[in-house]
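Visitor:
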Amino acid sequence: MQFAVVAHRTSETNDALAGAAASLGLPATVLSPRDALRTLEPGDIALGRLDVREELDGVERGTEELGQLVASGIVLLNPPSALVAAHDKLLTARILRRAGVPHPRTWLIADGAPSPAPELPVVLKPRFGSWGRDVVLCPTADTLDRELARFSQRPWFAGQGVLAQELVPPLGWDLRVIVSGGRVVGAARRVAAPGEWRTNVALGGHIEPAAPPPLAQALALEAAAAIRGDLVGIDLLPLGTGYIVSEVNGAVDFRRAYALRPGNVFRDAIHKLVRVATLRRAAA
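As numbered in the numbering used here, the sequence shown has no gaps in its residue numbers, which increase by one up to the final residue, 293.
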């Protein structure tokens with residue numbers, strides 16, 4: 010039995026996941042979707058880690074190959090439906106709302122699409138986004154109009170529009186919780202860089218070890234279950250009385266510092282995934 014991380018590129022996280030699988034005695038590697046389809050055999054395990062495209066206009070190519078892996082008898086974790094549900098922030102908002110998971114109110118603003126006027130202040134963000142790119146705070150109507158005019162020139166805007174999301178007052182940090190196989194296996198606090206309200210590490214933020222309280226763990230598990238993700242990151246924004254789900258990441262990046270206790274967060278994640286895959290294979 011082989012374990013493959015299906016992604017278009019190696020990364021610290023992808024390599025660490027494959028290495029953790031190998032440490033558990035599974036031949037493991039990082040494969041592109043096409044290579045996975047050519048290489049894997051019935052009974053093998055594949056973990057979908059397709060990310061959003063650099064152009065911010067959708068999910069990376071390869072969802073069709075992931076579907077073909079299932080038809081070939083490979084046990085697929087993070088199937089296309091879960092990846093799209095995580096990466097498409099409009100779909101994420103709708104799924105979480107239906108599941109009763111707390112999430113900021115979200116409006117789609119697009120040419121020709123009727124939309125209620127969002128209540129200010131709002132955060133504008135691409136429907137498919139990552140790394141904090143093109144995420145802006147609009148405290149006034151003038152700011153909103155100016156940013157919408159700017160975004161209308163973005164290549165991704167014509168096909169996707171832009172999302173306006175209710176502002177959760179930033180406190181300078183958020184909590185990223187890693188859920189694997191229906192269990193919380195890691196967490197860390199992401200702290201914004203000085204003068205920056207966004208917590209993305211790509212924008213100068215840093216991470217600090219954190220033990221997620223039971224309420225945060227329960228909320229992260231609910232969000233992961235709602236989108237049916239096997240390995241996802243749930244970003245939680247702190248409120249005065251708890252947390253609210255900010256985003257779900259289907260190709261979440263994390264590090265050893267995310268470990269909940271002395272140990273290896275990647276091995277914990279793989280151990281939970283293999284358990285889930287074994288159960289699914291037995292039920293097939």
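Cβ atoms here follow ideal geometry from the backbone N, Cα and C, with glycine treated the same way. In this text, all values refer to a predicted model and were calculated from it rather than measured experimentally.
Assign proline 113 to one of two classes, buried (16 or more other C-beta atoms within 10 Å of its C-beta) or exposed (fewer than that).
Guide: By one-based count along the sequence shown, residue 113 stands at place 104. Buried is the call here.
Visitor: Given that a residue counts as buried once 16 or more other Cβ atoms are within 10 Å of its Cβ, and exposed if not, what is alanine 233?
Guide: In the sequence shown, the residue the question calls residue 233 occupies position 224. By the neighbour-count rule (16 or more Cβ atoms within 10 Å), alanine 233 is buried.
Visitor: DSSP state of tryptophan 165, grouped into three classes?
Guide: Position 156 of the sequence shown, counting from 1, holds the residue named residue 165. Three-state result, tryptophan 165: helix.
Visitor: Give me the DSSP bridge partner(s) of serine 189.
Guide: By 1-based counting over the sequence shown, the position of residue 189 is 180. Looking at the DSSP assignment, serine 189 forms a beta bridge with Arg192 and Leu240.
Visitor: Please work out which residues of its chain come closer than 7 Å, Cβ to Cβ, to proline 218, disregarding the five sequence neighbours upstream and downstream, and give them in chain order.
Guide: Working through the sequence shown from its first residue, we reach residue 218 at position 209. Cβ neighbours of proline 218 beyond the five flanking positions: Ala197 and Ala266.
Visitor: Does the count of Cβ pairs from the region 58–77 and the region 93–100 closer than 8 Å reach three?
Guide: Taking 8 Å as the limit for Cβ pairs, the verdict is that the region 93–100 does touch the region 58–77.
Visitor: Just to confirm before moving on: does the CB-CB distance between valine 14 and leucine 49 stay below 7 Å?
Guide: Reading the sequence shown from its first residue, position 5 is the one you call residue 14. Reading the sequence shown from its first residue, position 40 is the one you call residue 49. Not a contact, by the Cβ cut-off of 7 Å.
Visitor: Across the region 94–110 and the region 223–241, are there enough close Cβ pairs to call them in contact, namely three or more that are closer than 8 Å?
Guide: Yes, the region 94–110 touches the region 223–241.
Visitor: Over the uninterrupted beta strand (DSSP E) stretch that includes glutamate 217, give me the two end residues.
Guide: Translated into the one-based positions of the sequence shown, residue 217 becomes position 208. 215–218 is the extent of the beta strand (DSSP E) around glutamate 217.
Visitor: Exposed or buried, arginine 47, counting other C-beta atoms within 10 Å across all chains shown (16 or more means buried)?
Guide: Against the sequence shown, residue 47 aligns to sequence position 38. When all chains shown are included, arginine 47 counts as exposed.
Visitor: Check alanine 95 in the structure and name its three-state DSSP category.
Guide: For this step, residue 95 is matched to residue 86 along the sequence shown. DSSP places alanine 95 in helix when its eight states are reduced to three.
Visitor: May I ask which residues mark the beginning and end of the beta strand (DSSP E) holding valine 15?
Guide: Locating residue 15 in the sequence shown gives position 6, where the first residue counts as 1. Here the beta strand (DSSP E) through valine 15 covers 12–15.
Visitor: Considering only the beta carbon of each residue, do alanine 173 and leucine 133 sit closer than 7 Å?
Guide: Counting from 1 along the sequence shown, the entry for residue 173 is found at position 164. Counting from 1 along the sequence shown, the entry for residue 133 is found at position 124. It is a contact, given that the beta carbons lie within the stated cut-off.
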